[in-house]
Amino acid sequence: MAAYDTFIAKEFKDVQEDEEMLTVIRDLTPGKAKYRSTYAKIRVSKDPKKYPETLWVRLGRGQLIETPCSMQIMEFVDVIPKGM
Amino acid sequence: MAYKYYKDNRAYIEALKKTGDLVVVNDEVDWDLEMGAIVRRMCERKSPAAHFKKIKDYPDFEALGAPMATHRRLAIAFGLDPATPIPQISAEYLKRTTGSPVKPKIIDRKDAPCKEIVWSGEDANLFNLPAPMVHDGDGGRYICTWHFVVAKDYDTDFVNWGMYRQMAFDEKTMVGPVLAFSDMGKMFYNKYVPRNLPMPFATVISPDPLSAIASSAPSPLPEAEFTGMLMGEPVEVVKCETCDLYVPAHAEIIIEGVVLPNVMIDESPFGEYTGYRTSPREKRTVYRVKAITMRKKSILAVSNMGVPTDEGQLLRSFSLGLEMERMLKDQGIPVTGVYMLPESTHHLVVVGVKPIYANIATQIGQLVFGSKLGPWFHLVVVVDDTTDIYNKDEIIHALSTKCNPATGIRITEHGVGTPLNPFVSPEQRKYGAAPKVIFDCTFPLNWPASELPVKVAFNSVYPKEIQEKVLSKWNQYGFKD
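As given, the protein sequences belong to chains F and U, one line each in that order. Those letters in the first sequence? Residues 1 to 84, per the numbering used here, in order. Those letters in the second sequence? Residues 1001 to 1481, per the numbering used here, in order.
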């Protein structure tokens, strides 16, 4: 179970569970690439065991929600045009 | 004639060591929060700078923490005695930067230390640099906290050096805010973006101290030429690997690439110069990396913004205040001095003036708020020439006793601000708006002399001969101060 985190612009209670959403997730694997960001389509559950990956949630100013969620990565998305 | 200065941070580190203004940290420190926490505490305690010799995961790099977070270090950067009082450091800055600009000197790449190592292609990977996670909760690793970005205007020769924070997003991508009213913002959004053209950039990390001062100064002159004025001789620059930009040859690390038009990605939050994380996670300007060049055993400079005092607050206050003084004097305003308090996170400026005509405080406020400097502050305190603008006790005394709450406070509701202002509403933050206020701490000129309160201070209510007698016998009385 890999660990990631994400930032949300709204209140935690308003996070839509089990619906596909496009967001930035950060890989928390220790090492030189820790905190690498990527856009991805994911599904989130507040049940920490429902999906295969752990997702920690932070609010817009970095405040950490103390209980992790779980997440399924549907697809990584490259938002930067090819060749740039 | 060249002034005394340090050509690179290595010579500056040696100078700081000699005066006791640097601690060498030989223990390994973790780039993931530990280094940031050390530097934060150093800033809050006004500790010496730190030279970190070992960084976890990055054996080929060192770091310099809080390079210029005290006035002592600022004085040393100018080659002055570290105990030099602030007004004298200010006078040195104004002396050196009055006169003709000094164009940079181009040197061959074989003589440029910043070309000792060149990474291109896949090797130009941001995660091969020891970018710190500066604060817990930041949006990413901020590789660029003490640096400047070099960019050239699309259709003129104007080249800007400016400090624009940059976060490592992935191996090849950095992201950060470029405010529309900034010099780089104007050239990028007005000229490159409408043409859908990428703008070449070069980020200079760990520049020499005077180049850093120039890049954060709001002077209308090109910063490379301003640096030459501060040095008293041309700053040595070298051509980039991937574009026609020139960068200081003695800097530690250069990141080259292009700023992408019409693409924005998520950036921040970040612990900012105001001492808060104010601006939320938002889509911001994207930098794509093409090459990274550096010195061997490169020393990454790390600034940690937060509650006062870090070098961003200190330097920005220093140069904003002095450029404001220059501008007001150019306009013929009889100012006696301008001091922006670093503790105010460059939000509060004190202007000393000879109040020779009515409403001079309002005129001063309108001039400085209406200038290019205006977006960065919102509190102007105007005092007369009996108040020492560098003495916080005297400023508070003047504000508390001479500013009439009904007539001496003048508010402008619709000023230009930054999205980083903690006190503005979310709506104002979104559109970079901010109210501004002038505190007029001068007594009205239409009061008759007989009605003017008389300041009761040692140097104002005693005859000169009594003052001299008391001063000459002070220690004899038994006082040690």
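Note that the Cβ used here is the ideal one computed from N, Cα and C, for glycine as well. What you are looking at is a predicted structure, and each value in this text was computed from that prediction instead of being measured.
Chain F residues whose Cβ lies nearer than 7 Å to that of residue i
| i | result |
| --- | --- |
| Ile1265(U) | Val79 |
| Phe1169(U) | Ser37 |
| Asp1032(U) | Lys34 |
| Arg1281(U) | Phe7, Ala9, Gly60 |
| Arg1277(U) | Arg61, Gly62 |
Within chain U, partners of residue i - CB distance below 7 Å
| i | result |
| --- | --- |
| Val24(F) | Asp1266 |
| Ala40(F) | Near Ala40(F) there are no residues of chain U at all, since even the closest Cβ is about 12 Å away, more than 7 Å. |
| Tyr35(F) | Met1133, Gly1140, Arg1141 |
Where residue i meets chain U, residues with beta-carbon distance less than 8 Å
| i | result |
| --- | --- |
| Met84(F) | Pro1198, Val1258, Leu1260, Val1263, Arg1288 |
| Lys32(F) | Asp1057, Tyr1058, Phe1127, Asn1128 |
Collapsed DSSP secondary structure at residue i in the structure displayed
| i | result |
| --- | --- |
| Ser37(F) | strand |
| Met74(F) | strand |
| Leu1420(U) | coil |
| Val1175(U) | strand |
| Asn1391(U) | coil |
| Pro1248(U) | strand |
| Trp972(U) | Because chain U here runs from 1001 to 1481, residue 972(U) falls outside it and cannot be looked at. |
| Cys1114(U) | helix |
| Cys1441(U) | strand |
| Met1340(U) | strand |
| Cys1243(U) | coil |
| Tyr1530(U) | Residue 1530(U) cannot be examined here, being either before or after the span of chain U that is shown, 1001 to 1481. |
| Thr1362(U) | helix |
| Thr67(F) | coil |
| Asn1026(U) | strand |
| Ile80(F) | coil |
| Glu1282(U) | strand |
| Asn1125(U) | coil |
Rounded separation between residue i and residue j - CA only
| i | j | result |
| --- | --- | --- |
| Tyr1462(U) | Arg1073(U) | 38 Å |
| Glu20(F) | Ala3(F) | 19 Å |
| Ile1360(U) | Lys1402(U) | 15 Å |
| Lys1017(U) | Met1163(U) | 26 Å |
| Asp1057(U) | Ser1303(U) | 20 Å |
| Phe1169(U) | Gly1232(U) | 39 Å |
| Tyr1246(U) | Trp1376(U) | 28 Å |
| Leu1341(U) | Ala1251(U) | 29 Å |
| Leu1315(U) | Ile1253(U) | 21 Å |
| Phe1458(U) | Asn1391(U) | 15 Å |
| Thr1098(U) | Pro1222(U) | 14 Å |
| Glu1427(U) | Pro1419(U) | 10 Å |
| Gln962(U) | Lys1455(U) | No information on residue 962(U) is available, as it lies outside the stretch 1001 to 1481 that chain U covers here. |
| Pro1357(U) | Ile1395(U) | Rather than Pro, the amino acid found at residue 1357(U) in this sequence is Tyr. Going from the Cα of Tyr1357(U) to the Cα of Ile1395(U) covers about 21 Å. |
| Trp1161(U) | Glu1014(U) | 26 Å |
| Thr1336(U) | Ala1075(U) | 22 Å |
| Arg1429(U) | Ser1279(U) | 8 Å |
| Glu1413(U) | Tyr1477(U) | 54 Å |
| Trp1031(U) | Ala1063(U) | 10 Å |
| Pro1132(U) | Met1167(U) | 10 Å |
| Pro1177(U) | Leu64(F) | 23 Å |
Beta-carbon separation (whole angstroms), residue i vs residue j, contact threshold 8 Å
| i | j | result |
| --- | --- | --- |
| Ala1434(U) | Asn1421(U) | 5 Å |
| Lys1115(U) | Thr1293(U) | 5 Å |
| Ala1224(U) | Pro1104(U) | 4 Å |
| Gly1374(U) | Val1416(U) | 6 Å |
| Tyr1012(U) | Ala1077(U) | 7 Å |
| Pro1405(U) | Gly1228(U) | At roughly 48 Å, the Cβ-Cβ gap does not stay under 8 Å, so Pro1405(U) and Gly1228(U) are not in contact. |
| Ala1249(U) | Glu1236(U) | 5 Å |
| Ile1299(U) | Ser1206(U) | 6 Å |
| Ala1212(U) | Trp1146(U) | 7 Å |
| Val1258(U) | Phe1188(U) | Actually they are not in contact, since the Cβ atoms of Val1258(U) and Phe1188(U) sit about 11 Å apart, beyond 8 Å. |
Chain-ordered neighbours of residue i on chain F, where CB pairs are closer than 8 Å
| i | result |
| --- | --- |
| Gly1137(U) | Arg58, Arg61, Gly62, Gln63, Leu64 |
| Pro1177(U) | Here the premise fails: no neighbours, minimum Cβ distance about 15 Å. |
| Pro1269(U) | Phe7, Gly60, Arg61, Gly62 |
Within chain F, partners of residue i - CB distance below 9 Å
| i | result |
| --- | --- |
| Thr1418(U) | Those within 9 Å of Thr1418(U) in chain F number zero; the least Cβ separation is about 16 Å. |
| Thr1173(U) | Ser37, Ile80 |
Cβ of residue i within 9 Å of any chain A Cβ
| i | result |
| --- | --- |
| His1347(U) | In the structure shown, chain A does not exist; the protein chains are F and U. |
Inset, instruction - Taking 8 Å as the threshold, find out whether the stretch 1347-1356 of chain U comes into contact with the stretch 1373-1393 of chain U through three or more Cβ pairs. - result: yes
Legend entry - Contact the stretch 1081-1099 of chain U vs the stretch 1259-1266 of chain U: 3+ CB pairs below 8 Å: no
Legend entry - Meets three-Cβ-pair contact criterion under 8 Å: the stretch 1018-1031 of chain U and the stretch 63-79 of chain F: no
Inset, instruction - Would you be able to state if there are at least three C-beta pairs under 8 Å between the stretch 1177-1187 of chain U and the stretch 1042-1059 of chain U? - result: no
Inset, instruction - Flag this pair as touching only if the stretch 1108-1125 of chain U and the stretch 1134-1144 of chain U have three or more C-beta atom pairs under 8 Å; answer yes or no. - result: no
Inset, instruction - Indicate whether the contact test is met: 3 or more Cβ pairs, each with one atom in the stretch 6-17 of chain F and one in the stretch 49-63 of chain F, closer than 8 Å. - result: yes
Inset, instruction - Could you tell me whether the stretch 1295-1310 of chain U touches the stretch 1265-1282 of chain U, where touching means 3 or more Cβ pairs closer than 8 Å? - result: yes
Inset, instruction - Would you check if there are 3 or more beta carbon pairs closer than 8 Å linking the stretch 1391-1402 of chain U to the stretch 1424-1444 of chain U? - result: yes
Legend entry - Three or more C-beta pairs below 8 Å linking the stretch 1314-1325 of chain U and the stretch 1210-1220 of chain U: yes
Legend entry - the stretch 21-29 of chain F contacting the stretch 41-54 of chain F, beta-carbon criterion three pairs below 8 Å: yes
Legend entry - Three-pair Cβ contact test at 8 Å for the stretch 29-39 of chain F versus the stretch 1125-1134 of chain U: yes
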